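Protein chains in written order, with our numbering: chain U, 1 to 234; chain F, 235 to 376. In this text, a Cβ means the ideal position worked out from N, Cα and C, and glycines have one as well. The structure presented is a predicted model; accordingly, all values stated were derived computationally and were not measured. Down below is the structure, laid out as structure tokens.
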């Protein structure tokens, strides 16, 4: 979902660059509370893993269209929302500055959609779902799937907002059409995002439940019988 | 880094290297959801190049760093496509891990390890993470 140069005009791109910088600064300040000797290398791994999986464009049902992981939900689950947003931002910076993916001038727009909006939407849902769903691999998997799917659609609508503000082609008032097209295609991509996120997080939770931030930080709303996810039925 | 985390980190890094270094060659080359949405109104050929019509994607301009040695996930000078993609993926994973891990390590809170669930309370008591006494405490913890 990387915006190329020329798609959004310069002033709007600059405004979003300033916005992204401000929010990322806040994420650093707030994320430091979570970042200890154990989380820091884990966050580096999460960023590297997201970079790797973002290379894996998968085909979706519509002919000739692909999608790839954004990673906001995955990062929020594993290292928390603040550090998670920073992980995705690091990936986007490397992609723009080294791999020519996503215009450098568009970096603020891309960070806003994928790192900030995607991660924020995901974590709101994670915080809600993990409190109400049972603490089982299934509960964690559903949380991961739903939050990842929704985060992709939210990120896609972030682009629609940006295009409304500074799109370089006059859509003739057909913004709703772009919004619908983006939402539809990203609903399908979101299914892929959900499957990848759920598989990855449930796997980590089975191997090392203590490394899943969301399981440490979010307590169930109703004190359930203590069954750690890792203990898993299998 | 705690002693018992490193096998997990190493394992995770190996998985990432495998995905970016090998599996990446089997990725779909079609435009992604955003790019394809911007192609609406245009006709494209088998290589997804615009052949006619009018659509937002026509406004796209070249990337500032299109001449970067790793641009478009390939290594310049490596003619074997499989090797070029895989190598660029491996370098990207290592670079992202080094940059991300390095920045997070520098920014980390130096103090006694606590779980995030109790962080808010702990921080309120112990004050800013950057105060010098926190460094002494972390030295003791290690």
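Status (buried if at least 16 other CB within 10 Å, exposed otherwise) for residue i
| i | result |
| --- | --- |
| residue 316 of chain F | exposed |
| residue 5 of chain U | buried |
| residue 123 of chain U | buried |
| residue 313 of chain F | exposed |
| residue 290 of chain F | buried |
| residue 36 of chain U | buried |
| residue 26 of chain U | exposed |
| residue 135 of chain U | buried |
| residue 163 of chain U | buried |
| residue 310 of chain F | exposed |
| residue 85 of chain U | buried |
| residue 170 of chain U | exposed |
| residue 354 of chain F | A caution first: residue 354 of chain F carries a pLDDT of 44, below 50, which makes its placement in the model too unreliable to give a value. |
Residue i - partner residues in DSSP beta bridges
| i | result |
| --- | --- |
| residue 9 of chain U | None; residue 9 of chain U has no bridge partner. |
| residue 277 of chain F | F:286 |
| residue 266 of chain F | U:66 |
| residue 167 of chain U | U:8 |
9 Å Cβ cutoff, residue i in contact with chain F
| i | result |
| --- | --- |
| residue 95 of chain U | yes |
| residue 84 of chain U | no |
| residue 123 of chain U | no |
| residue 5 of chain U | yes |
| residue 100 of chain U | yes |
| residue 49 of chain U | yes |
| residue 26 of chain U | no |
| residue 126 of chain U | no |
| residue 201 of chain U | no |
| residue 252 of chain U | Residue 252 of chain U is absent from the model: chain U starts at 1 and stops at 234. |
| residue 189 of chain U | yes |
| residue 220 of chain U | no |
| residue 145 of chain U | no |
| residue 38 of chain U | yes |
| residue 59 of chain U | yes |
| residue 32 of chain U | yes |
| residue 208 of chain U | yes |
| residue 20 of chain U | no |
| residue 16 of chain U | no |
| residue 71 of chain U | no |
| residue 11 of chain U | no |
| residue 65 of chain U | yes |
| residue 151 of chain U | no |
Any chain U beta carbon closer than 9 Å to residue i
| i | result |
| --- | --- |
| residue 249 of chain F | yes |
| residue 317 of chain F | no |
| residue 283 of chain F | no |
| residue 343 of chain F | yes |
| residue 350 of chain F | With a pLDDT of only 49 at residue 350 of chain F, under 50, the local geometry of the prediction cannot be trusted, and no value is derived from it. |
| residue 312 of chain F | no |
| residue 321 of chain F | no |
| residue 225 of chain F | Residue 225 of chain F lies beyond the range of chain F shown here (235 to 376); nothing can be said about it. |
| residue 335 of chain F | yes |
| residue 287 of chain F | no |
| residue 354 of chain F | Because the pLDDT at residue 354 of chain F is just 44, under 50, the model does not fix this residue reliably, and the value given afterwards should be weighed accordingly. So, interface residue. |
6 Å Cβ shell around residue i - same chain, five flanking residues per side excluded
| i | result |
| --- | --- |
| residue 66 of chain U | 57 and 59 |
| residue 17 of chain U | 108 |
| residue 34 of chain U | 80 and 83 |
| residue 96 of chain U | 102, 104 and 107 |
| residue 148 of chain U | 73, 193, 194 and 197 |
| residue 139 of chain U | 133 |
| residue 145 of chain U | 194 and 198 |
| residue 166 of chain U | 8, 9 and 12 |
| residue 151 of chain U | 72, 73, 118, 121 and 122 |
Other residues of its chain near residue i: CB distance less than 7 Å, five sequence neighbours each side excluded
| i | result |
| --- | --- |
| residue 117 of chain U | 154, 155 and 158 |
| residue 256 of chain F | 320 |
| residue 200 of chain U | 74 |
| residue 249 of chain F | none |
Residues near residue i in its chain [Cβ-Cβ closer than 8 Å; skip 5 each side]
| i | result |
| --- | --- |
| residue 288 of chain F | 275 and 276 |
| residue 142 of chain U | 129, 133 and 198 |
| residue 184 of chain U | none |
| residue 265 of chain F | 273 and 282 |
| residue 168 of chain U | 6, 7, 8 and 9 |
| residue 307 of chain F | 258, 319, 322, 323 and 326 |
May I have a chain-ordered list of the beta strand (DSSP E) segments no shorter than 3 residues that lie completely inside the stretch 282-337 of chain F?
284-287
Jot down the residue ranges of each uninterrupted alpha helix (DSSP H) in the stretch 87-114 of chain U, minimum 4 residues, whole runs only, in chain order.
107-110
Suppose only complete runs of 3+ residues qualify. What are the beta strand (DSSP E) ranges in the stretch 24-59 of chain U, listed by chain order?
none
Only counting runs of 4 or more residues, tell me where the alpha helix (DSSP H) segments fall wholly within the stretch 115-151 of chain U, in order along the chain.
118-132
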